[in-house]
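J.:
Numbering (my numbering), first residue to last: 3 to 291.
(1) How about residue 106 and residue 124: are their beta carbons less than 8 Å apart?
(2) Could you give the C-beta distance for residue 82 and residue 22, rounded to a whole number, given that I count them as a contact under 8 Å?
(3) Just to confirm my understanding: we take residue 96, look at its own chain, exclude 5 residues before and 5 after, and list those with CB closer than 6 Å. What are they?
(4) Whole beta strand (DSSP E) runs in the segment 166-203 with 3 or more residues, listed along the chain?
(5) Measuring CB atoms only, is the segment 202-220 touching the segment 282-289, in the sense that at least three cross pairs come out at less than 8 Å?
(6) Near residue 264, what residues of its chain come up, given a Cβ to Cβ distance below 6 Å and the 5 sequence neighbours on each side ignored?
(7) Report the start-end ranges of each beta strand (DSSP E) in the segment 62-104 that is 3 residues or longer and not cut off at the edges.
(8) In whole angstroms, what separates the C-alpha of residue 16 from that of residue 185?
(9) Could you check where the beta strand (DSSP E) with residue 276 kicks off and where it finishes?
(10) With a Cβ-Cβ cutoff of 8 Å, do residue 168 and residue 200 count as a contact?
(11) Thinking residue 165 and residue 256 are a contact (beta carbons under 8 Å), I'd like their distance in whole angstroms, please.
(12) Going by DSSP, what residue range makes up the beta strand (DSSP E) through residue 25?
(13) Straight-line CA distance for residue 204 to residue 102?
(14) Put residue 1 into one of helix, strand or coil per three-state DSSP.
(15) Helix, strand or coil for residue 298 per DSSP?
(16) On the DSSP letters alone, give me the boundaries of the alpha helix (DSSP H) that residue 150 sits inside.
(17) Would you call the segment 219-236 and the segment 73-93 in contact, with 3 or more CB pairs under 8 Å?
(18) Is the number of C-beta pairs between the segment 68-78 and the segment 106-115 that are closer than 8 Å three or more?
(19) For the beta strand (DSSP E) holding residue 126, just list the boundary residues, first then last.
(20) Say the cut is 7 Å; is the CB of residue 36 nearer than that to a heavy atom of the ligand MN?
(21) Between the C-alpha atoms of residue 277 and residue 210, what's the straight-line distance to the nearest angstrom?
(22) Spatial neighbours of residue 58 within its chain, please: C-beta separation below 7 Å, excluding the five flanking residues on both sides.
(23) How big is the Cα-Cα spacing for residue 144 and residue 116?
(24) Assuming residue 180 contacts residue 50 (C-beta within less than 8 Å), just tell me the rounded distance between them.
(25) Given residue 148, which residues of its chain have a CB within under 8 Å of its CB, disregarding the five upstream and five downstream residues?
(26) Where DSSP assigns a beta bridge to residue 266, which residues make up the other side?
(27) Can you give me the C-alpha to C-alpha distance between residue 1 and residue 274, rounded to a whole angstrom?
(28) By the DSSP assignment, the beta strand (DSSP E) with residue 220 in it spans what residues?
(29) Check the DSSP bridge columns for residue 135 and list the partner residues they point to.
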């Protein structure tokens with residue numbers, strides 16, 4: 003009897019229109035684009051950040067942000083496969099469901115084994131869930147620590163060797179998330195895997211940036227161990243270094259050197275091309291010293 007009632011409640015929830023969506027990380031790389039795309043689609047966006055009183059690490063702050071919303075976009079603040087991510091995402095998801103938030107979309111990482119427990123915690127929450135597994139972001143070259151290396155030193159040092167990656171424009175992630183939220187139950191209980199349009203090594207990606215900007219930018223591959231030692235030298239806490247090097251060792255072993263069709267499946271178009279991203283960012287002066 004209980005299962006039947008739960009299923010009926012869940013089915014009703016899935017078929018109810020999403021109007022208000024909580025966006026975690028609304029000032030971050032993906033969250034800012036999700037918030038912008040959601041507003042453009044006519045949704046009411048409720049930003050979830052410390053600036054608005056929400057703290058991933060303080061469960062007492064969750065209810066005020068979640069109450070009254072129909073859906074939430076969950077982007078873990080460090081990495082979906084980081085230690086403790088499954089516990090906090092699972093707890094937040096259960097809190098959301100208890101408060102009537104019907105749809106939950108989790109940003110995950112394509113090929114990251116460490117992310118699987120977090121995905122499972124979302125599934126176990128009872129929500130009408132969707133997991134979006136994303137390839138490496140194109141915007142990692144234009145936002146965050148990597149861009150500083152290119153801009154200031156003219157060199158990117160990273161433990162990717164000659165591995166090919168289909169760099170994904172985060173605007174495609176945002177468009178997919180909003181389509182998922184506005185498509186009823188079409189993508190409920192689905193894992194969507196997204197990639198960019200073509201495969202590039204990190205060296206080839208930097209070479210494209212160099213070609214458009216006219217700067218002599220270079221890429222230097224190092225071992226994961228050496229990269230971890232460099233992070234530690236910059237003052238990154240040991241536990242974070244260990245987690246990051248483990249994840250990089252997984253993601254950059256060649257398992258992701260293939261294209262995925264999630265963008266076309268959901269949006270009916272090809273992913274944005276890395277070259278278009280480079281030209282736009284170069285015009286904005288992103289890599290100028």
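Glycine included, each C-beta is placed from N, C-alpha and C at the ideal position.
T.: Result, derived from the coordinates:
(1) As a working note, residue 106 is residue 104 in the chain shown. As a working note, residue 124 is residue 122 in the chain shown. In terms of Cβ geometry, residue 106 and residue 124 form a close pair [threshold 8 Å].
(2) Mapped onto the chain shown, residue 82 falls at position 80. Mapped onto the chain shown, residue 22 falls at position 20. Actually they are not in contact, since the Cβ atoms of residue 82 and residue 22 sit about 24 Å apart, beyond 8 Å.
(3) Residue mapping note: residue 96 aligns to position 94 of the chain shown, counting from 1. Taken in chain order, the residues that qualify are 127.
(4) 192-196
(5) yes
(6) For the purposes of this step, residue 264 is taken as the residue at position 262 of the chain shown. 194, 195, 196, listed in sequence order.
(7) 73-76
(8) Residue numbering aside, residue 16 sits at position 14 when the chain shown is read from its first letter. Residue numbering aside, residue 185 sits at position 183 when the chain shown is read from its first letter. Residue placement at residue 16 is flagged as unreliable, the pLDDT there being 45, under the threshold of 50; the coordinate-derived value follows with that caveat. Distance between the alpha carbons of residue 16 and residue 185 is about 10 Å.
(9) As a first step, residue 276 must be located in the chain shown, where it is residue number 274. No beta strand (DSSP E) holds residue 276; the alpha helix (DSSP H) holding it covers 276-285.
(10) Counted from its first residue, the chain shown places residue 168 at position 166. Counted from its first residue, the chain shown places residue 200 at position 198. Cβ atoms of residue 168 and residue 200: closer than 8 Å.
(11) Counting from one through the chain shown, the residue named residue 165 turns up at place 163. Counting from one through the chain shown, the residue named residue 256 turns up at place 254. That belief holds up - the Cβ atoms of residue 165 and residue 256 are roughly 5 Å apart, short of 8 Å.
(12) As a working mapping, residue 25 is identified with position 23 in the chain shown. That run of the beta strand (DSSP E) goes 22-26.
(13) Walking along the chain shown from the start, residue 204 turns up at place 202. Walking along the chain shown from the start, residue 102 turns up at place 100. Roughly 43 Å separates the two Cα atoms.
(14) Because the chain spans 3 through 291 in this model, residue 1 falls outside it and cannot be assessed.
(15) Here the chain comprises residues numbered 3 to 291, so residue 298 is not present and cannot be evaluated.
(16) Counting from 1 along the chain shown, the entry for residue 150 is found at position 148. Unbroken alpha helix (DSSP H) run through residue 150: 147-155.
(17) no
(18) yes
(19) Here residue 126 is taken as the residue at index 124 of the chain shown, counted from 1. No beta strand (DSSP E) holds residue 126; DSSP gives it neither H nor E.
(20) Ligands are entirely absent from the displayed structure, and the ligand MN is therefore not among its contents.
(21) Within the chain shown, the letter at position 275 stands for residue 277. Within the chain shown, the letter at position 208 stands for residue 210. Rounded to whole angstroms, residue 277 to residue 210 spans 7 Å at the Cα level.
(22) The sequence position of residue 58 within the chain shown is 56, counting from 1. So the qualifying residues of the chain are 79, 90.
(23) Numbered from 1 along the chain shown, position 142 holds the residue referred to as residue 144. Numbered from 1 along the chain shown, position 114 holds the residue referred to as residue 116. Per the coordinates, the alpha-carbon of residue 144 lies some 26 Å from the alpha-carbon of residue 116.
(24) What you label residue 180 is simply residue 178 of the chain shown in a count that begins at 1. What you label residue 50 is simply residue 48 of the chain shown in a count that begins at 1. Contact flag wrong, Cβ pair sits at about 16 Å.
(25) As a working mapping, residue 148 is identified with position 146 in the chain shown. 142, 158, 160.
(26) By one-based count along the chain shown, residue 266 stands at place 264. Answer is none; residue 266 lacks a bridge partner.
(27) It is not possible to answer for residue 1, since the shown part of the chain is limited to 3 through 291.
(28) In the chain shown, the residue the question calls residue 220 occupies position 218. Residues 220-223.
(29) For this step, residue 135 is matched to residue 133 along the chain shown. DSSP lists 110, 195 as partners of residue 135.
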